[in-house]
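Everything on this sheet refers to the single structure shown next.
In the working numbering, the protein residues as written are 9 to 340.
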């Protein structure tokens, strides 16, 4: 397989390692006075991640595990310098864990409940772009520090101004433009392209950025088809048939989690990869767990400078070892 290192200057954050970035933001922005007056020694932190559904296994549960691991280490002062203080600004951290499954309306309700009923002081989370688009204005309305760690839509800060909302990830423009540049640079003889992306904000944004970049970089690249299955569809027989008929030289996909795994297994079983170069902008998240089942020749993108692209720093070394020792997996 080919691991595509993005060519933009600021790649986005990685899923498992995201929690450290979120905690770093909190540690610089929060002081003990932000904790509830009746319980000043505790910082109640809402952690939102997919704990059920197709995104839970590859994304949500590892992120929740990383959160628990990091909070334990922060509370004990076990993280390498300069993050080795006890808790955050001296306050011990208490987690309120919330499942991201259920859709945007449910997440807005859960968010309000965390603040109003469960006494949460700040929130870190959200994998789905739809969740982030729905939560951002609510966080601003409620004036609660909220850090998005994974969602990749470019319509958060680009379409509004926020004082209480932050993100540790870049957005789909990084993934799409980087993928287009890589494809044109490394495979100049390819003549046609297609796409398969989820039919919601992340899929539409990802395809727009990739195709827009291709039209600038290689105007004569022939478009074949763009398939838009629903989020968490799981079955892609009709879409794969359309792709096999159109026979593109390259196929872009921003499918993630269980959707990506299901598509890859179904597509390779039908030989899609034999005549089409597959470029998976979020593929790095499955490369360790499914390494023995992936076909040769995949182009995989990583959504950040973590995992195989992590800088060789004390904090990254610590996180990688700690995560692997605790959960038997390499962070991706």
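Glycine included, each C-beta is placed from N, C-alpha and C at the ideal position. From a predicted model like this one, the values you see are computed outputs, not experimental measurements.
Asked: Euclidean distance between Cα positions of residue 323 and residue 78; Found: 12 Å
Asked: Cα-Cα separation, residue 93 to residue 87; Found: 8 Å
Asked: Coarse secondary structure for residue 154, derived from DSSP in three states; Found: strand
Asked: Beta carbon of residue 182 nearer than 7 Å to that of residue 157; Found: no
Asked: The alpha helix (DSSP H) enclosing residue 71, as first and last residue numbers; Found: 69-84
Asked: Exposure label - residue 106; buried when at least 16 CB within 10 Å; Found: buried
Asked: Beta carbon of residue 367 nearer than 7 Å to that of residue 262; Found: Beyond the ends of the chain as shown, which are 9 and 340, falls residue 367; an answer cannot be given.
Asked: Reduced DSSP category for residue 267 - H, G, I as helix; E, B as strand; rest coil; Found: helix
Asked: Selected residue, minimal CA-CA separation from residue 60, among 53, 110, 164 and 95; Found: 110
Asked: Residue 336 to residue 227 span [Cα, whole Å]; Found: 46 Å
Asked: For residue 261, the first and last residue of its enclosing beta strand (DSSP E); Found: 258-261
Asked: Own chain partners of residue 254 with C-beta closer than 7 Å, once the 5 adjacent residues on each side are dropped; Found: 202, 232 and 233
Asked: Burial state of residue 247, where buried means 16 or more other Cβ atoms lie within 10 Å; Found: buried
Asked: Sequence-distant residues of the same chain with beta carbon closer than 7 Å to residue 56, five excluded per side; Found: 106, 108, 131, 133 and 134
Asked: Residue 107, DSSP secondary structure in three states; Found: strand
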